[in-house]
Structures are given as structure tokens and as C-alpha cells.
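Asks: Quick note on my numbering: the sequence shown kicks off at 24 and runs consecutively.
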Amino acid sequence: MGSILPFFMNALRFCRLLFTLYFIKASGFNFVPADWRVANVIPIFKKGDRSLFGHYRPVSLTSVLCAKLWNL
């Protein structure tokens, strides 16, 4: 049981290294995978009558990796 945490931490370090290298490469070519650019728009209820379309606001859910890439 004690060896699970170091294994997990090493796996996280490896993933971080892979994503860092990918971000460096992607930023050099101004390339973002198409799946990362797709946003799911979800209507969120604001107030009032739930049957009226105007009482909802659109919220776009994008990939966390894409959001981090755009912030670089």
C-alpha cells in the first residue's frame, strides 16, 4: 500500500512532462487539436419562468487542456 503513492506521483510527473512538451510543440506551430477547440454550450437557468428561453444563459464548457494552452 505504501508504494502506491510514489508510483502515482511518478505517473503524474510523467504526464506533466508529456503535456509540457506537447504545449511547447503546439505553441511553436500555432496548432490546437480540433477536439480541444469544440465547446459544449449548456443552458443555465437564471431566474423567472423555466419555460421561457430568455431566462437561460449559455455557458460554454471547453477542455481544460485547451484553456491552459490558450493562457500560455
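We put the CB at the ideal spot given by N, CA and C, even for glycine.
None of these values were measured; they are calculated from a predicted model.
1. Let me know the beta strand (DSSP E) ranges lying completely inside the segment 25–79, each 3 residues or longer, listed in chain order.
2. Can you give the Cα-Cα distance for L41 and S26, rounded to whole angstroms?
3. Going by C-alpha distance, which of Y79, L75, F30 and V87 is nearest R60?
4. Taking the alpha-carbon positions, what's the I67 to C38 distance?
5. On a CA-only basis, which of T85, A34, P29 and F31 is nearest A62? Give me that one, please.
Replies: Result, derived from the coordinates:
1. 63–68
2. If you number the sequence shown from 1, residue 41 lands on position 18. If you number the sequence shown from 1, residue 26 lands on position 3. C-alpha of L41 to C-alpha of S26: approximately 23 angstroms in a straight line.
3. For the purposes of this step, residue 60 is taken as residue 37 along the sequence shown, with counting starting at 1. Comparing Cα-Cα distances from R60 to each of Y79, L75, F30 and V87, the minimum goes to V87.
4. Mapped onto the sequence shown, residue 67 falls at position 44. Mapped onto the sequence shown, residue 38 falls at position 15. Looking at the two C-alpha atoms, the distance is approximately 33 angstroms.
5. As a working mapping, residue 62 is identified with position 39 in the sequence shown. Ranking the options by Cα distance to A62, first place goes to T85.
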